[in-house]
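Take a look at the structure:
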C-alpha cells in the first residue's frame with residue numbers, strides 16, 4: 021500500500037486551493053484547513069526567450 | 040443604447056467572481072447587459088460576438104475587461120466606474136487565508152497535503168506538476184488539459200506515490216470532505232472510484248438516502264479510463280481503497296471505458312479480497328446510477344428497496360391529454376454530464392433515440408431536433424463561463440428558447456446541490472421555469488417539467504426547500520434521475536397512443 025495516499029485518507033485533506041476562490045470557502049465550511057493561492061497568469065514571454073526556456077527545459 | 044468597455048490592467052479574477060461581477064452590473068438600474076472576462080484572445084472574440092465591443096480591446100490574459108450595454112453613455116460610464124466597489128464586496132466575504140504562491144502557502148502551513156487546482160486549462164498542467172513535485176496530491180478540476188499532459192502528470196504522481204485526481208475531475212470525497220463539487224454524505228463502509236463527476240454525486244446521494252455511508256470517493260477525471268491514460272488514477276484509487284480498513288466494498292464507476300481497460304479493471308475486481316462492483320454505464324454492470332448505489336449498498340448490508348419509478352399512470356395520462364398535437368419531443372437540459380449520459384441510456388432502453396452534444400457510443404450525430412439531451416457543462420457551453428452547477432445563465436436562456444418550440448412536450452432538468460455548487464440552484468432557474476410554462480401556456484401548450492434534485496439532507500442548500508420551490512413553479516420532482524427520464528419516456532409513449540405524431544413531422548423514427 022502506498023503510504024502517502026494512505027496518509028491522505030487517514031488524516032483527510034489540508035489544502036492549497038489554486039484558482040476559483042469559492043472552492044476555498046466550501047472547504048472552510050467543512051472545517052478543512054485551506055489556504056487560497058492568489059494565482060495570476062504568468063507574464064507573456066518574449067518568443068525568443070520562450071524558445072530558449074523550452075530548449076533548456 | 041450605449042455600449043462601453045473598460046480594461047483594468049493586471050487584475051486577475053477567477054471565473055466565478057467574473058460571473059458575480061457581471062450579474063451585479065446587470066442588476067444596476069439602466070444597465071441592460073454586462074460582461075466581465077479576462078482578456079484572452081478567445082474572450083475578446085466572445086465580447087465581439089456578444090455585441091459588447093466592435094473591435095477587440097488591447098488587453099492581455101491577466102487584464103480584466105468589463106463591458107456594459109446601458110440606456111445611455113452616462114449610465115454605462117457610471118456602471119463601469121463601480122467595478123472596483125463591486126469587486127470589493129466579493130473580496131470582503133472571502134474568509135480563507137491566502138498566499139501569493141504555492142511555496143508561500145506551504146511556508147504558512149507545511150502540513151498541506153493536497154492542491155486543488157481550477158485554473159484555465161492552458162495553465163493548469165504546469166501548476167499541477169509544480170504541486171506533485173512538491174509532494175502534494177492533486178485534485179485537478181480544470182478541463183481542456185492536453186492528453187499528453189494528463190499522462191505525464193499521472194505518471195509523475197505514480198512515481199511519487201501521489202494521487203492525481205483529474206484533469207477534468209469535478210468531485211471527490213476524501214475522509215468525508217468534498218473537493219470541488221460534492222455532497223454532504225454520511226461516512227461509512229462504501230468506497231468509490233469514479234470517472235463520472237455528477238454520477239459520483241448521484242450515487243453518493245442515493246447511498247446517503249439509503250442510510251449507507253461512504254469512506255472515500257476518489258475522482259479520476261473523464262479520460263482516465265481511455266486506452267491512452269490506462270486508468271492510472273482508478274488503479275491507484277482501487278489499490279488505496281482495498282488497503283483502507285474503513286472500506287468494506289468498492290464501486291468503480293465510469294462511462295464506457297476502452298475495452299482493454301475495462302477488461303483489466305474487471306480482472307482486478309474479481310481478484311480483489313473485498314467486493315468490487317464495476318458499473319461501466321451502458322456497457323456492463325448496473326444499468327443506472329441508483330442501481331449502482333443499491334448494488335454496492337447490498338455488499339455491505341441489506342439490499343435497499345428500489346425507489347419509486349416515477350409519475351403514476353393517472354398523472355401520465357392526464358398530462359398526455361393536456362398536450363397539444365404538435366408536442367412530441369423531449370429536451371434534457373443537464374448541468375451534470377453523467378446524468379445527461381444516463382438519461383440517454385434510459386431513453387434508449389425505452390426505444391427512444393435522442394441526439395446529444397455528448398452522445399452515447401454509436402448514437403446518431405447531434406441534430407438539434409427530435410429528442411435532444413444536452414450536457415450543458417460541456418466545453419461548448421462553458422467558454423468564458425463557470426460550470427452550470429454554479430452559473431445558471433446559459434441554462435435559463437436555453438430553457439426559455441425551448442419553451443418557444445411548439446414540438447417540445449417535456450423538459451428534463453437536474454439540480455445538483457452540495458459544496459461548490461450554487462447557493463440556490465433551483466432559485467436561479469425558478470422564474471425561468473415559470474416564464475417558460477407561461478409562455479407555452481399563452482401559446483396553448485402545456486410544457487411538462489420533470490426535475491431531479493441531486494443532494495442530501497445535510498447539504499447547505501436545504502434539499503426539501505429546493506424541491507418544494509420546484510413544485511411551486513409547476514415542475515414535477517422525481518427521486519432519481521432515471522425515474523425522471525422513465526416518466527418522460529412513458530409520457531411520450533402515452534402521447535403517441537392518445538394522438539400519434541403527424542407523419543409530416545421531421546425526423547422519422549424516434
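Chains as they are written, first to last, in my numbering: chain D, 21 to 77; chain C, 40 to 549.
Glycine included, every Cβ here is placed at the ideal spot set by N, Cα and C.
In this text, all values refer to a predicted model and were calculated from it rather than measured experimentally.
Handout entry: Beta carbon of residue 202(C) nearer than 8 angstroms to that of residue 55(D)
Key = Position 163 of the second chain, counted from the start, is the residue given in the question as residue 202(C). Position 35 of the first chain, counted from the start, is the residue given in the question as residue 55(D). Not a contact, by the Cβ cut-off of 8 angstroms.
Handout entry: Environment of residue 418(C) [buried if 16+ CB atoms lie within 10 Å]
Key = As a working mapping, residue 418(C) is identified with position 379 in the second chain. Exposed is the call here.
Practice task
Please report the residue range of the alpha helix (DSSP H) in which residue 105(C) lies.
Solution key: Counted from its first residue, the second chain places residue 105(C) at position 66. Segment 103-109 is the beta strand (DSSP E) holding residue 105(C); no alpha helix (DSSP H) there.
Exercise for the section: Just the C-alpha distance for residue 53(C) and residue 40(D), rounded to the nearest angstrom, thanks. Expected result: Counted from its first residue, the second chain places residue 53(C) at position 14. Counted from its first residue, the first chain places residue 40(D) at position 20. Each residue's Cα considered, the two are about 5 angstroms apart.
Problem - Local conformation of residue 538(C) per DSSP, three classes - result: Here residue 538(C) corresponds to residue number 499 of the second chain, with the count starting at 1. In this predicted model, residue 538(C) has a pLDDT of only 48, less than 50, meaning its place in the structure is not dependable enough to derive any value.
Practice task
State the Cα-Cα distance for the pair residue 258(C) and residue 362(C), rounded to the nearest angstrom.
Solution key: In the second chain, the residue the question calls residue 258(C) occupies position 219. In the second chain, the residue the question calls residue 362(C) occupies position 323. Taking the straight line joining both Cα atoms gives about 42 angstroms.
Practice task
Name, in chain order, the residues that DSSP records as bridge partners for residue 319(C).
Solution key: As a working note, residue 319(C) is residue 280 in the second chain. Answer by DSSP bridge pairing, in chain order: 293(C) and 323(C).
Handout entry: Opposing strand residues paired with residue 37(D) [DSSP bridges]
Key = On the first chain, residue 37(D) is found 17 positions in, with the first residue counted as 1. DSSP output for residue 37(D) lists 56(D) and 155(C) as bridge partner(s).
Exercise for the section: Put residue 131(C) into one of helix, strand or coil per three-state DSSP. Expected result: Position 92 of the second chain, counted from the start, is the residue given in the question as residue 131(C). Low per-residue confidence applies at residue 131(C): pLDDT is 45, beneath 50, and the placement is therefore not dependable enough to give any value.
Exercise for the section: Tell me whether the beta-carbon of residue 29(C) lies closer than 8 angstroms to the beta-carbon of residue 468(C). Expected result: An answer regarding residue 29(C) cannot be provided, because it is not within the stretch 40 to 549 covered by chain C.
Exercise for the section: Compare the beta carbon distance of residue 321(C) and residue 295(C) with 8 angstroms and say whether it is the shorter of the two. Expected result: The residue given as residue 321(C) occupies position 282 in the second chain. The residue given as residue 295(C) occupies position 256 in the second chain. It is a contact, given that the beta carbons lie within the stated cut-off.
Problem - Residues bridged to residue 136(C) (per DSSP) - result: For the purposes of this step, residue 136(C) is identified with residue 97 of the second chain, where counting begins at 1. Per DSSP, 55(D).
Exercise for the section: Could you name the residues of chain C that residue 23(D) contacts, counting a contact when the two beta carbons are closer than 9 angstroms? Expected result: Counting from one through the first chain, the residue named residue 23(D) turns up at place 3. Going along chain C in sequence order, the residues near residue 23(D) (Cβ under 9 angstroms) are 200.
Exercise for the section: Evaluate the contact criterion for the segment 185-195 of chain C versus the segment 140-148 of chain C: three or more CB pairs, one atom per stretch, below 8 angstroms. Expected result: Too few Cβ pairs lie closer than 8 angstroms, so no.
Exercise for the section: Step through the CB atoms of chain D and report whether any lies within less than 8 angstroms of the CB of residue 151(C). Expected result: Against the second chain, residue 151(C) aligns to sequence position 112. Output row for residue 151(C): interface = yes.
Problem - Interface partners of residue 144(C) on chain D, CB under 7 angstroms - result: Locating residue 144(C) in the second chain gives position 105, counting from the first residue. Near residue 144(C) (Cβ distances below 7 angstroms), the residues of chain D are 36, 55 and 57.
Problem - Unbroken stretches of the alpha helix (DSSP H), 4 residues or longer, contained in the segment 483-536 of chain C - result: 502-511
Exercise for the section: For chain D, find out if any of its Cβ atoms is closer than 8 angstroms to the Cβ of residue 51(C); answer yes or no. Expected result: Taking the first residue of the second chain as position 1, residue 51(C) is located at position 12. Yes, residue 51(C) counts as interfacial toward chain D.
Problem - Simplified DSSP assignment, three categories, for residue 31(D) - result: Here residue 31(D) refers to the residue found at position 11 when the first chain is read from its first residue. Correct three-state label for residue 31(D): helix.
Problem - Pick from 210(C), 60(C) and 326(C) that is closest to residue 178(C), judged by C-alpha positions - result: Here residue 178(C) corresponds to residue number 139 of the second chain, with the count starting at 1. Ranking 210(C), 60(C) and 326(C) by Cα distance to residue 178(C) puts 210(C) first.
Problem - 3 or more residues per run - each beta strand (DSSP E) lying fully within the segment 329-390 of chain C - result: 368-373
Exercise for the section: State yes or no: is the beta carbon of residue 158(C) nearer than 8 angstroms to at least one beta carbon in chain D? Expected result: Working through the second chain from its first residue, we reach residue 158(C) at position 119. Answer yes: the Cβ-Cβ gap between residue 158(C) and chain D drops below 8 angstroms somewhere.
Exercise for the section: Pull out every residue of the segment 96-130 of chain C whose Cβ sits closer than 7 angstroms to any Cβ of chain D, in chain order. Expected result: Listed by position, the residues of the segment 96-130 of chain C near chain D (Cβ gap below 7 angstroms) are 99, 100 and 101.
Practice task
Would you mind stating whether residue 455(C) and residue 237(C) have Cβ atoms separated by less than 8 angstroms?
Solution key: On the second chain, residue 455(C) is found 416 positions in, with the first residue counted as 1. On the second chain, residue 237(C) is found 198 positions in, with the first residue counted as 1. The Cβ-Cβ distance between residue 455(C) and residue 237(C) falls below 8 angstroms.
Handout entry: Residue-level contact to chain D via CB, residue 190(C), 8 angstroms cutoff
Key = In the second chain, residue 190(C) corresponds to position 151, counting from 1. Residue 190(C) does not count as touching chain D.
Handout entry: 8 angstroms Cβ cutoff, residue 73(D) in contact with chain C
Key = Indexing the first chain from 1 puts residue 73(D) at position 53. So, not an interface residue.
Exercise for the section: Identify, in the order they occur along the chain, each residue of the same chain with its Cβ nearer than 7 angstroms to the Cβ of residue 292(C), setting aside the five sequence neighbours on each side. Expected result: In the second chain, counting from the first residue as 1, residue 292(C) sits at position 253. Result list for residue 292(C): 231, 233, 235, 238, 239, 242, 318 and 331, in chain order.
Handout entry: Length of the line joining the Cα atoms of residue 535(C) and residue 386(C)
Key = In the second chain, counting from the first residue as 1, residue 535(C) sits at position 496. In the second chain, counting from the first residue as 1, residue 386(C) sits at position 347. Residue 535(C) and residue 386(C): Cα-Cα distance of roughly 15 angstroms.
Exercise for the section: Label residue 182(C) either buried or exposed according to how many other C-beta atoms from any shown protein chain fall within 10 Å of its C-beta, with 16 as the threshold for buried. Expected result: By 1-based counting over the second chain, the position of residue 182(C) is 143. Looking at its Cβ environment, which holds 16 or more other Cβ atoms inside 10 Å, residue 182(C) is buried.
Problem - Test item: CB-CB of residue 428(C) and residue 397(C) under 8 angstroms - result: The residue given as residue 428(C) occupies position 389 in the second chain. The residue given as residue 397(C) occupies position 358 in the second chain. Taking a C-beta distance under 8 angstroms as the contact criterion, residue 428(C) and residue 397(C) do not qualify as a contact pair.
Practice task
Within the same chain, show all residues whose beta-carbon is closer than 7 angstroms to that of residue 55(C), passing over the 5 residues directly before and after it, in chain order.
Solution key: What you label residue 55(C) is simply residue 16 of the second chain in a count that begins at 1. Excluding sequence neighbours, residue 55(C) sits near 425 and 429.
Exercise for the section: May I ask you to report which of helix, strand or coil DSSP gives residue 231(C)? Expected result: By one-based count along the second chain, residue 231(C) stands at place 192. Here residue 231(C) sits in strand by DSSP.
Exercise for the section: Using alpha carbons as the reference points, say which of 377(C), 473(C), 315(C) and 307(C) lies closest to residue 414(C). Expected result: As a working note, residue 414(C) is residue 375 in the second chain. In this structure, 377(C) is the residue among 377(C), 473(C), 315(C) and 307(C) with its C-alpha nearest to the C-alpha of residue 414(C).
Practice task
Starting from residue 120(C), follow the beta strand (DSSP E) in both directions and report where the run begins and ends.
Solution key: Here residue 120(C) refers to the residue found at position 81 when the second chain is read from its first residue. Neither: residue 120(C) is in no beta strand (DSSP E) and is coded neither H nor E.
Handout entry: Within chain C, partners of residue 69(D) - CB distance below 8 angstroms
Key = Your numbering for residue 69(D) matches position 49 in the first chain. Those within 8 angstroms of residue 69(D) in chain C number zero; the least Cβ separation is about 16 angstroms.
Handout entry: CB contact below 8 angstroms: residue 433(C) versus chain D
Key = Position 394 of the second chain, counting from 1, holds the residue named residue 433(C). Cβ-Cβ to chain D under 8 angstroms: no for residue 433(C).
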